[in-house]
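Residue numbers (full-length UniProt numbering): 1 to 227.
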């Protein structure tokens with residue numbers, strides 16, 4: 001989850017991630033980090049965390065003050081980052097990655113339409129929507145940074161706490177999202193069609209991770225054989 005930013009006295013994403021870290025998820029090893037709302041820090045910390053933990057899944061969370069439900073973002077863009085971060089800094093040329101085209105757009109490997117359909121049957125306490133616009137600020141910036149490393153990444157926008165959902169309700173639903181995503185990844189690997197998509201995602205991830213220029217949840221299933 002992200003830390004404090006702009007005029008807000010708290011960041012709901014950080015509070016939800018802290019609650020999730022306390023309760024945990026059965027069968028899942030969670031590593032959580034609060035990331036400052038700073039472009040330079042994102043570009044340094046995110047690749048380090050991927051390299052250190054080699055997670056099955058990375059879930060970024062950020063606050064959306066106008067949202068009422070949880071929102072899972074489909075994609076992130078490389079350009080048009082014009083708003084200053086907490087240090088008053090704006091990326092050069094408004095780019096996340098200066099060696100990539102300004103209009104480059106990366107998408108998560110997960111089928112978020114299938115995800116939201118599954119969540120509707122899971123009786124989650126908070127509704128979950130999808131979006132194609134992550135906001136062109138630190139939320140989208142960190143998402144693009146991770147997607148260049150691996151497409152096994154999602155970004156979740158979290159609404160303000162108590163408007164109307166509690167921290168516990170939000171954390172419970174994020175936990176369900178994580179489990180559903182890991183299940184979807186396993187299912188893709190098992191099926192013939194899924195294997196092709198899985199390989200495609202792997203190839204994309206390999207291509208995205210070649211460049212070194214460029215509050216976080218790192219989730220690894222206990223069923224995974226990865227180190």
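We put the beta carbon where it would ideally sit given N, CA and C, even for glycine.
Every value quoted in this text rests on a predicted model; they were computed, and no experiment measured them.
- Linking residue 154 to residue 136 through their CA atoms gives a straight-line distance of about 16 Å.
- As a beta-bridge residue in DSSP terms, residue 63 pairs with 158.
- Rounded to whole angstroms, residue 120 and residue 61 show a C-alpha spacing of 21 Å.
- Looking at the DSSP output, residue 70 bridges to 128.
- Classified as buried, residue 172 has 16 or more neighbouring CB atoms from the shown chains inside 10 Å of its CB.
- Around the beta carbon of residue 82, a 10 Å sphere encloses fewer than 16 other beta carbons of the protein chains shown; the residue is thus reported as exposed.
- Within the stretch 11-51, the complete beta strand (DSSP E) segments of 3 residues or longer fall at 28-33, listed in chain order.
- Cα atoms of residue 71 and residue 144: separation of roughly 17 Å, rounded to the nearest angstrom.
- With fewer than 16 other beta carbons inside 10 angstroms of its own, residue 187 counts as exposed.
- For residue 186, the enclosing alpha helix (DSSP H) starts and ends at 167-190.
- With respect to the 9 Å criterion, residue 158 and residue 147 are not classified as neighbours on the basis of their beta carbons.
- DSSP places residue 87 outside both helix and strand once states are collapsed to three, so it counts as coil.
- Residue 95 and residue 44 have their C-alpha atoms some 15 Å from each other.
- Note on residue 103: under 16 other CB atoms within 10 angstroms of its CB, so exposed under the neighbour-count rule.
- Where residue 112 is concerned, the enclosing alpha helix (DSSP H) starts and stops at 112-120.
- Around the beta carbon of residue 14, 16 or more other beta carbons sit within 10 angstroms, so the residue counts as buried.
- Judged by their CB atoms, residue 42 and residue 32 are not nearer to each other than the 9 Å cut-off.
- Residue environment: residue 26 is assigned as exposed (fewer than 16 neighbouring CB atoms within 10 Å of its CB, all protein chains considered).
- Contact between residue 140 and residue 86 is absent: CB atoms are separated by about 16 Å, not below the 8 Å threshold.
- As DSSP reads the structure, residue 106 sits in a beta bridge with 76.
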